[in-house]
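Novice: Residue numbers (our numbering), protein chains in the order written: chain B, 54 to 174; chain G, -11 to 302; chain F, 102 to 607.
Where a beta carbon is used, it is the ideal one built from N, C-alpha and C, also for glycine.
Here it is, the structure, as C-alpha cells.
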Amino acid sequence: MSAATLYGLSAAALVGIGLFGLITHPDPLRKILAFNLLGGGVFLLFGVIARRGAAAGFGGDPVPQAIVITGIIVGFSATALAVALLQRLFEENNRTAPQAEGSMQGAPTVSSHDGDRGGGD
Amino acid sequence: MIVAGAFDLALAVTVLAVATWCVSVRATFAAVVAFVAFGLLVAVVWVRLAAVDVALTEVAIQGGIVGVLLLGATASLRRYKAAVAERSGATQRLAVAVFCAVVFLALATAVLTLPDPAPTLAPPVAASLLAFGLGNPVTGVLLGYRAIDTLLETVVLLLALIGVWSISPDRSWGGRPLPMHSAGRADALVYFARLLPPVGIVIGVYIVWVGADAPGGKFQGGTILAAMWMLVMMAGLRNPPSVARSGLRLLLVAGPAFFFIVGLAGLAISGGFLAYPAPYAKPIILLIELVLTPSVAVTLGLLVAGPPVRDARQ
Amino acid sequence: MAAIDAATAGGYLLVLALVLPYAGVFLSLILGGRYAERIALVLMPACLGVAIAIAAKVLQSGKALVYFVGGWAPPLGVALRVDGLSAAMMMTAAVVMGATALFARANFHQQRELPEARAPLMFWTLFQGIWGALNAVFIGGDLFNLYVALELLTFSAVPMVCLDGRAETLAAALRYLLFALMGSLLYLLGVALIYGTYGTLDIVLLSGRVGAEPTALVAAALMTAGLLAKTALFPLHLWLPPAHAGAPPAASTVLSALVIKASFFIVLRLWFDIMPGAMNQAAAQVLAALGSVAILFGSVLALRQARLKLLIAYSTVAQIGYLFLMFPLAIGSAWAMTGSSGAFTGGVLQAISHACAKAAMFMGAGLMAETLGHDRIAGLGGIARMMPMTTISFGLAGLSLMGLPPSGGFTAKWLLLMAAIQSGQWWWALVVLAGGLLTGGYIFRVLAQTVAEANEPAVQHLPVARGREGIVLAVALCSVLLGLVPISSFRLLHVGRFDMLAGGLL
C-alpha cells in the first residue's frame, strides 16, 4: 500500500473518531476539540488527494494544498468564536445562579448525585 | 508512489492513538495537551505528503495558537464548573459508534476506489505560474487563480472577530479583553517575552516575504507575529487594546479592504476583478501579502484575546 | 454538457453584488455605531438595484450570467454563475432584507449623543455580513467557494442569535454553531472526494463528468447530510427552535426566511446540476420521507407551544419539510424529464413564499411582543383591535403557509400535489394535504386568540408603530401576490438549468 493510501485510511479513521467525540461528549469544550480533530481528518484527506496528484515537478497538486490552508484558518476562527460563546455562557450561568443545578440546553449539567445508581448513598 | 515504510506506519498509528486518547480521556487539560501533540504530529505527516506550506500553517495554528486558546479556556472554565457533566447512556453511545464506523467504512471505500492515475491540476498550474513570475505554486493558487477564496477568507476572519466582540456584555463595550495571564516580575515568561519578540518579528516578516518563491506566506508569517504579540500580552508587558479605538479598527479593516481595492482596480485596468496586469503581477501579489500581514496578525491575536470584558478606563 | 460556458457580458454586476455589502461592513466598523445604521440603509436600495438588474439580464438573455474571476477559466480559476434560480433567490433575499432593515431601525438605533453601544453596531455589521454571504452563496459557481460562503453565513448568523446576551440565547447560539460547523465539515469532506475523483470543483464542468461511482455516491451522501444539518431538516432540526425563537425579531426574520434557504439552495445545485447522474429514486424517496416526518412532527409540536415565537420556529421546521418533497417528483425517473418543471417550480416557489410569509410572521410577532411585553399565546386577547394591520398580516402569511388560495404557498403546494398525482406517487399528496390541515390548526389557534376578548384589559407597553405594521403588511402581501402571478411567468426559474437543456425542453 502506498504512503498516500495509508494516510488516506488514517484520515477516514480520524473523521470517525472526531465525529464520535463531537456527537457524544456532553462538555462543549470537548466537542470543540473533537470538531478540530474532525477538521484534521478532512484536511488530511485533501492532503492525500494532493499527494496523489503530484505531477509537473511538484511534490503535490497545489490546489488542494491551498484549500487546506484556507480551511485551517477558517477552522481556527470557528474555534475562537465557539470558545468565546462558551466562556460567556458559563459567566452568565454563574452570575445568575452560582449554586444552581439547573441545566441549560447545550450547557453541561452540574450533577452532584448519581441518580441512576439507585438508593441513597 | 512512495511505498509506505515503517516510519509512515508508525506515524499514522501514533496520530490515531493520540486522537483516540484526546477524545476519550476524562480530564480536559490532558485532552488539550493531546490535541497540541496531535497538531505537531500531523505537521510531520504533511511534510511526508510533500506539503510544506501546509505543514507550516498546521504547526503554527493547530500546534500553536489553537493550543493557547484552548488551554486558556480550560483554565478559566475550571473556575466555574463544579462537576463533570454526565455522559450519555451506553446504548446511545453504541449507536453513535456504529454510525461513525459506517462513516469510516464508507470513507475508506472511497479512498481505496479513488481513480488511478489521479486527476490533477498541477500541469496547468505549472504552465501558468510563469505568468505571475512566482516560484511557489501554492501562493500562485492562493493569490492568483483562486484569489477570491483568499479574499473571502480574510473577510471570514474579520467577521469571526466581530462575532467574538458581539458576545461581550453591554457594560464592557469599548473596553479591553482580559489579559491572558498575570505574571510576576521574575517569571520565565516575562524573560521570554522580552527576548523572543524581536527574533520572532524578523522571522515572521521573512516568512511572508519568501512565500512568493518558497514555502511561506502571510498566514504562516502573520501567525508568528500574532504569537509574539500574544506572548507580550500574556507576560503583562502590554495590555490588550480597547475595541473602540479607531486606529485598531482601521488596522483590522485595512488588509481586506486593500485586497478588495486591488480587485476593483483590476476591473478598471486589466478588465477583470482580481486580474493583475501581466508585468506587475509578482510585485502586486507581494504587496497584497505584506499589507494583509498586519491585519491577519492583529485579527488572530484578538481572536485569542477574546471579547472585551473590562472597562475602557482600567 | 461538459463545455464551459463562455463568460458573458454584465459580469461586473456579480462582482458588485459581492463587493457592496462588504464595503458596508468595513465602513460600518471604521466609522462606528453612529453611522452603521445609515450605511446599511444606503446599501439596501443599491443591493436591491443590483439584484433586479441581474434578474433582468438573465431573463432578457435567456442564459445564465457567467464571470471568470481574474480572467482565469475553470478548472484552474473560479467562476461566478447566476442562472434563473440564483436570480430569483437574490431578489427574494433583497426584498426580505430590505424590509427587515426598515423594520429593525426602531430596535437598533444608536443615539447620536451617547457613546457607541454594542448592539446597534453589531446588528448592522452582522446584517450586512449576512447579505454579502447570501449573495456569495447564490452566485458561487465553485464548490469550495460555496464552502467559504457558507462559513461567512454561519459566522454572521450565529452571533445574531445571542445579541441580547441572555444565557438561553447563548446556549442556543453555541448549539447552532456546533451543528453548523459539523455540517460544513461534512460538506468539505464530500468536496475532497469529488476533487479527488474528477479533478475540478467547477459546477458546470462537474455536471458533465459525474457518474454513479462509489466515491461520488459517498461524497453526495456526506454533502447532503452536512447541508441538511444546516437547513435543519428532521432529525437534525434540534438547534432551530431555541435559536430562532431567542433571537431579536429582526434577526429571527432573516434567519428563518433566508439563512436556511441558502444551504437548501446548495442542495438543489448538488442534486439537479452536479449529480443528476448519480442520484436515484431511492435516495430521493428517503429525503422526501424525512421531509414528511418534519412536516408532521413540526406541525404537531407547533400546536403544543405556549409562546408565539416558539410556535413560529416550529412552523419553520415543518415548512422546511415541504421543500424536500420536490426531490422524488423532479428527478430520477423517466417521468421526471417531462414533468419535472412543475415540481421544480413548486419547490422553489415554496422556498420563496415561505421566506416572505415567515418574515411577516416573525416581524409581526415581534411587534406584538413589544406592545404587550410578552409573547404568550394565551395572553394575546384583544390584539386584533389594538393592532389590526399586524393581525391581518399574520392571517395572510398563514394563508401561504397553509396553502390556501390566493397565495404563493397555494401555488407551490398545488404544483407539488399535481406532480405527485401525475407521477403516481400519491402518498406525497396525502402528506401535503395532512400538512395543510395541521398548519391550519396552529394558525387558527393563534388567530382565534387574537380576536378573542382579553381576560384583563391588555397593558400597552409601547405605543403601536403604524409604520412598522405597514412594513409587515407589505411583506405579507408579497407572499399573497406570488399566488396571483400566472405560473408561466415562473419560467425565470428554469433559465440556465442543465437537465432541461439536456432534455431539449428549452
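The region 111 to 139 of chain B: which residues have C-beta closer than 8 Å to a C-beta of chain F, in chain order?
Specialist: Result list: V116, P117, I120, T123, G124, V127, S130, A131, L134, A135, L138, L139.
Novice: Within the same chain, show all residues whose beta-carbon is closer than 8 Å to that of P260 (chain F), passing over the 5 residues directly before and after it, in chain order.
Specialist: Within the same chain, P260 (chain F) has close Cβ partners M223, L227, A274.
Novice: Just mark P185 (chain G) as buried or exposed, buried being the case when its beta carbon has 16 or more other beta carbons within 10 Å.
Specialist: Buried, since its Cβ has 16 or more Cβ neighbours within 10 Å.
Novice: In the DSSP assignment, what residue or residues form a beta bridge with Y168 (chain F)?
Specialist: Bridge partners of Y168 (chain F): F:L181.
Novice: So what does D243 (chain F) bridge to, in DSSP terms?
Specialist: DSSP, once it has assigned bridges, lists F:D303 as partnering D243 (chain F).
Novice: Does the region 244 to 253 of chain F come into contact with the region 89 to 98 of chain B, if we say contact requires no fewer than three beta-carbon pairs (one atom in each stretch) closer than 8 Å?
Specialist: Output reads no: the region 89 to 98 of chain B does not touch the region 244 to 253 of chain F.
Novice: So, at 6 Å on beta carbons, what are the nonlocal neighbours of V6 (chain G) in its own chain, with the 5 sequence-adjacent residues on each side left out?
Specialist: The answer, listed in chain order, is A22, A25, F26.
Novice: So, under 8 Å CB-CB, G294 (chain G) and L166 (chain G) are touching, yes? Tell me the CB distance rounded to an integer number of Å.
Specialist: Correct: roughly 7 Å between the Cβ atoms.
Novice: Taking L412 (chain F) as the query, report the chain B residues whose CB atoms sit under 9 Å from its CB, ordered along the chain.
Specialist: Going along chain B, no residue has its Cβ under 9 Å from L412 (chain F), so there is no contact; the nearest lies around 18 Å.
Novice: Decide if the region 150 to 161 of chain G is in contact with the region 248 to 265 of chain F; the criterion is three or more beta carbon pairs, one per stretch, under 8 Å apart.
Specialist: Output reads yes: the region 248 to 265 of chain F touches the region 150 to 161 of chain G.
Novice: Less than 8 Å between the CB atoms is what I'm expecting for V241 (chain G) and I131 (chain F), so what's the real figure, rounded?
Specialist: With a Cβ gap of about 6 Å, V241 (chain G) and I131 (chain F) count as contacting.
Novice: Tell me which residue opens and which closes the alpha helix (DSSP H) that I484 (chain F) is part of.
Specialist: Unbroken alpha helix (DSSP H) run through I484 (chain F): 484 to 487.
Novice: In its own chain, which residues sit with a C-beta less than 7 Å from the C-beta of G541 (chain F), not counting the 5 before and 5 after it?
Specialist: Cβ neighbours of G541 (chain F) beyond the five flanking positions: M503.
Novice: Is G128 (chain G) close to the ligand COA? I mean its beta-carbon at under 7 Å from any heavy atom of the ligand.
Specialist: The ligand COA is not part of the structure shown, which contains no ligands of any sort.
Novice: What did DSSP end up calling P165 (chain G) once you bin it into helix, strand or coil?
Specialist: Strand, per DSSP.
Novice: So with CB distances below 8 Å, who are the chain G contacts of G172 (chain F)?
Specialist: Simply S258, G259, G260, A263.
Novice: Give the straight-line distance between the Cα atoms of A135 (chain G) and S12 (chain G), rounded to the nearest whole angstrom.
Specialist: So the alpha carbons of these two residues sit roughly 40 Å apart.
Novice: If you follow the alpha helix (DSSP H) that P112 (chain G) is part of, which residue opens it and which one closes it?
Specialist: Where P112 (chain G) is concerned, the enclosing alpha helix (DSSP H) stretches over 110 to 120.
Novice: Please confirm if T62 (chain G) has its CB atom under 8 Å from at least one CB of chain B.
Specialist: By this cut-off, T62 (chain G) is an interface position.
Novice: Kindly indicate the opening and closing residues of the alpha helix (DSSP H) around C88 (chain G).
Specialist: 78 to 100 is the span of the alpha helix (DSSP H), which, as asked, contains C88 (chain G).
Novice: Compare the C-beta of S257 (chain F) with all C-beta atoms of chain G and state if any pair is closer than 8 Å.
Specialist: Yes - at least one Cβ of chain G is within 8 Å of the one on S257 (chain F).
Novice: Please classify V297 (chain G): does DSSP put it in a helix, a strand, or coil?
Specialist: Here V297 (chain G) sits in strand by DSSP.
Novice: Using the beta-carbon of each residue, which ones in chain B are nearer than 7 Å to R36 (chain G)?
Specialist: Under the 7 Å cutoff, chain B gives A56.
Novice: Do the region 269 to 279 of chain G and the region 163 to 179 of chain F make contact, defined as three or more Cβ pairs closer than 8 Å?
Specialist: Taking 8 Å as the limit for Cβ pairs, the verdict is that the region 163 to 179 of chain F does not touch the region 269 to 279 of chain G.
Novice: DSSP on S55 (chain B), reduced to helix/strand/coil?
Specialist: Three-state DSSP puts S55 (chain B) in a strand.
Novice: For the region 64 to 78 of chain B, enumerate the residues whose C-beta is nearer than 7 Å to any C-beta of chain G, in chain order.
Specialist: Residues passing the 7 Å Cβ filter: A65, A66, L67, V68, G69, I70, L72, F73, G74, I76, T77.
Novice: Please report the Cβ distance between L287 (chain F) and M324 (chain F), rounded to the nearest whole angstrom; I am assuming they are in contact, meaning their Cβ atoms lie under 8 Å.
Specialist: L287 (chain F) to M324 (chain F), Cβ: 7 Å. Contact.
Novice: Could you check the C-alpha separation between Q140 (chain B) and S64 (chain G) for me, to the nearest Å?
Specialist: Roughly 8 Å separates the two Cα atoms.
Novice: Taking A456 (chain F) and A395 (chain F) to be in contact with their CB atoms under 8 Å, please state how far apart those CB atoms are, rounded to whole angstroms.
Specialist: The pair is not a contact, with the Cβ atoms about 17 Å apart (cut-off 8 Å).
Novice: Under the assumption that G347 (chain F) contacts G392 (chain F) (Cβ atoms under 8 Å), give the Cβ distance between them as a whole number of angstroms.
Specialist: That pair is no contact at about 25 Å.
Novice: If the cut is a Cβ gap below 7 Å, which residues of chain D does G92 (chain B) touch?
Specialist: You won't find chain D in this structure, because its protein chains are B, G and F.
Novice: With distance defined between alpha-carbon atoms, name the residue in F:L411, F:L430, F:G150 nearest to M380 (chain F).
Specialist: Residue F:L430 is the option with its Cα nearest to M380 (chain F).
Novice: When the cut-off is 8 Å and only beta carbons count, does E214 (chain F) lie next to chain G?
Specialist: E214 (chain F) does not count as touching chain G.
Novice: Looking at the secondary structure, which residues open and close the alpha helix (DSSP H) in which L481 (chain F) lies?
Specialist: Looking at the DSSP string, L481 (chain F) is not in any alpha helix (DSSP H), and its letter there is neither H nor E.
Novice: Quick one: any contact between the region 65 to 80 of chain B and the region 78 to 88 of chain G, if contact means 3 or more CB pairs under 8 Å?
Specialist: Contact between the region 65 to 80 of chain B and the region 78 to 88 of chain G is present, because at least three Cβ pairs lie under 8 Å.
Novice: Would you call F239 (chain F) buried or exposed, if buried means 16 or more other Cβ atoms sit within 10 Å of its Cβ?
Specialist: F239 (chain F) should be labelled buried.
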